[in-house]
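Chemist: The opening position of the sequence shown corresponds to residue 66 in the working numbering, with each subsequent residue numbered one higher.
Each residue gets a CB set at the ideal place from its N, CA and C atoms; glycine is no exception.
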Amino acid sequence: MRRGGYLTRPVLRFKGGTALTPLEGFKLGLKPFRGERRVRVYVFSRASTAKSSLEMVENLANGVKGYGGMSSWFNCDLEVEGVVKVQSNEDYVKAAEEVGDVDLVLAFIPDEMSVEYDEDPYMPLKRVLASRGMPSQMIEESTCRYMRANSYVLFNLALSIYSKAGGIPWVLDERTYFDCTIGFDSGGGGVVVTSTFSNPFSFTWTMGSQTVEGLAEAIASSVKPSWGVKTMAIHKDGPIMDWELEAVRRAISKLDRRG
Numbered sequence: 066m067r068r069g070g071y072l073t074r075p076v077l078r079f080k081g082g083t084a085l086t087p088l089e090g091f092k093l094g095l096k097p098f099r100g101e102r103r104v105r106v107y108v109f110s111r112a113s114t115a116k117s118s119l120e121m122v123e124n125l126a127n128g129v130k131g132y133g134g135m136s137s138w139f140n141c142d143l144e145v146e147g148v149v150k151v152q153s154n155e156d157y158v159k160a161a162e163e164v165g166d167v168d169l170v171l172a173f174i175p176d177e178m179s180v181e182y183d184e185d186p187y188m189p190l191k192r193v194l195a196s197r198g199m200p201s202q203m204i205e206e207s208t209c210r211y212m213r214a215n216s217y218v219l220f221n222l223a224l225s226i227y228s229k230a231g232g233i234p235w236v237l238d239e240r241t242y243f244d245c246t247i248g249f250d251s252g253g254g255g256v257v258v259t260s261t262f263s264n265p266f267s268f269t270w271t272m273g274s275q276t277v278e279g280l281a282e283a284i285a286s287s288v289k290p291s292w293g294v295k296t297m298a299i300h301k302d303g304p305i306m307d308w309e310l311e312a313v314r315r316a317i318s319k320l321d322r323r324g
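#1: Is it buried or exposed, P200, if we count other Cβ atoms within 10 angstroms and call 16 or more buried?
#2: Could you work out which residue in L93, G70, P186 is closest to R78 when comparing CA atoms only?
#3: Could you give the residue range of the beta strand (DSSP E) that holds L171?
#4: Have a look at T83 and R74 and give me their C-alpha separation to the nearest angstrom.
#5: Return the first residue and the last residue of the alpha helix (DSSP H) that C209 is part of.
#6: What is the DSSP secondary structure of W308, reduced to helix, strand or coil?
#7: From this set, A316, V104, R315, which residue's C-alpha is nearest V167's C-alpha?
#8: Is it the case that the region 307-320 contacts the region 282-289, given that we only count it when at least three CB pairs across the two stretches are under 8 angstroms?
#9: Taking only three categories from DSSP, how would you classify D250?
#10: Rounded to whole angstroms, what's the CA-CA distance from V313 to L280? Just pull it up for me.
#11: Do S263 and D244 count as a contact pair if the criterion is CB distance below 8 angstroms?
#12: Are at least three pairs of beta-carbons, each pair with one atom in the region 134-142 and one in the region 150-162, less than 8 angstroms apart?
#13: In chain order, what are the residue ranges of uninterrupted beta strand (DSSP E) at least 3 long that sit wholly in the region 78-117?
#14: Where G147 and V294 are concerned, what is the direct C-alpha to C-alpha distance, given to the nearest angstrom?
#15: I need the straight-line Cα distance from S225 to K130, nearest angstrom please.
#16: Between the C-alpha atoms of P304 and F109, what's the straight-line distance to the nearest angstrom?
#17: Please classify S196 as buried or exposed, where buried requires at least 16 neighbouring CB atoms within 10 angstroms.
#18: For T259, which option in F98, L194, A115, A298 has the closest C-alpha, if you only look at C-alpha atoms?
#19: What residue from E239, T276, R240, I247 has the CA that sits closest to V256's CA?
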């Protein structure tokens with residue numbers, strides 16, 4: 066018989082203590098669970114956002130009101146190894162092919178809706194950097210222009226940068242008891258689903274279209290009937306939309322039918 070319900074928020078363990086949310090932990094003065102003391106980055110930006118992009122990097126490193134900065138909260142120095150001014154899609158790709166060995170590339174790119182698909186550097190840039198094994202963090206130019214001093218935006222970017230560079234901000238204070246834990250997110254016309262299995266420990270990921278059926282099938286296809294999954298947790302970081310909730314219901318029904 067299938068049973069389900071909502072889980073309570075898990076307790077997070079940092080170095081030096083626990084908290085219920087990431088922001089609470091850092092505001093309490095707790096430090097990342099594990100990580101490097103510095104992150105070396107290259108910055109890619111167009112001339113129109115060159116000044117504001119460097120201001121945003123400065124805010125990421127040293128903080129603003131409501132966000133303490135990577136140097137204080139994360140015990141990690143954000144070091145800019147170089148700044149590359151680009152203009153066209155080809156410039157972004159060329160810079161990605163030639164950039165030196167750093168921990169991460171921080172790229173300020175045009176907003177998705179402001180350019181044609183063929184002129185959007187996001188995917189070509191990600192592809193080249195991924196082929197070189199180099200993490201990247203993309204920031205849309207409107208975010209840089211209007212939210213470069215927003216504490217919420219900066220904190221979330223800092224978490225992403227720190228994690229992509231190999232840091233572990235926190236871990237769960239208690240181990241989960243599920244056979245399978247599935248996380249998903251949606252945006253930009255697509256969805257991505259990651260699945261972690263406890264016995265034996267393994268990890269998979271699946272992509273789909275940003276529709277109810279696309280997400281439902283991505284979730285359902287990430288679990289094979291032969292894997293013996295009896296208990297499962299499904300989560301999303303942030304508010305869950307009505308259509309996403311319907312997709313989860315459909316995915317569970319699909320898994321039931323498949324045994």
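Modeler: In brief:
#1: By one-based count along the sequence shown, residue 200 stands at place 135. Flag for P200 reads buried.
#2: Position 13 of the sequence shown, counted from the start, is the residue given in the question as residue 78. Answer by Cα proximity: L93.
#3: As a first step, residue 171 must be located in the sequence shown, where it is residue number 106. Its beta strand (DSSP E) spans residues 169-174.
#4: Within the sequence shown, residue 83 is the residue found at index 18, counting from 1. Within the sequence shown, residue 74 is the residue found at index 9, counting from 1. Their backbone Cα atoms lie some 13 angstroms apart in a straight line.
#5: Translated into positions along the sequence shown, residue 209 becomes position 144. Its alpha helix (DSSP H) spans residues 206-212.
#6: If you number the sequence shown from 1, residue 308 lands on position 243. It is helical.
#7: Taking the first residue of the sequence shown as 1, we reach residue 167 at position 102. Measuring from the Cα of V167, the nearest candidate turns out to be V104.
#8: yes
#9: Position 185 of the sequence shown, counting from 1, holds the residue named residue 250. The answer is strand: DSSP assigns D250 an E or B state.
#10: In the sequence shown, counting from the first residue as 1, residue 313 sits at position 248. In the sequence shown, counting from the first residue as 1, residue 280 sits at position 215. Roughly 8 angstroms between the two C-alpha positions.
#11: As a working note, residue 244 is residue 179 in the sequence shown. As a working note, residue 263 is residue 198 in the sequence shown. Cβ atoms of D244 and S263: closer than 8 angstroms.
#12: no
#13: 82-84, 103-111
#14: Within the sequence shown, numbered from 1, the residue matching residue 147 stands at position 82. Within the sequence shown, numbered from 1, the residue matching residue 294 stands at position 229. If you take the alpha carbons of G147 and V294, they lie about 48 angstroms apart.
#15: Against the sequence shown, residue 225 aligns to sequence position 160. Against the sequence shown, residue 130 aligns to sequence position 65. Approximately 20 angstroms between the Cα atoms of the pair.
#16: One-based indexing of the sequence shown puts residue 304 at position 239. One-based indexing of the sequence shown puts residue 109 at position 44. Each residue's alpha carbon lies about 31 angstroms from the other.
#17: Reading the sequence shown from its first residue, position 131 is the one you call residue 196. Result: exposed.
#18: Translated into positions along the sequence shown, residue 259 becomes position 194. Selected option, being the one with the closest Cα: A298.
#19: Within the sequence shown, numbered from 1, the residue matching residue 256 stands at position 191. Looking at the Cα atoms, T276 is the closest of the given residues.
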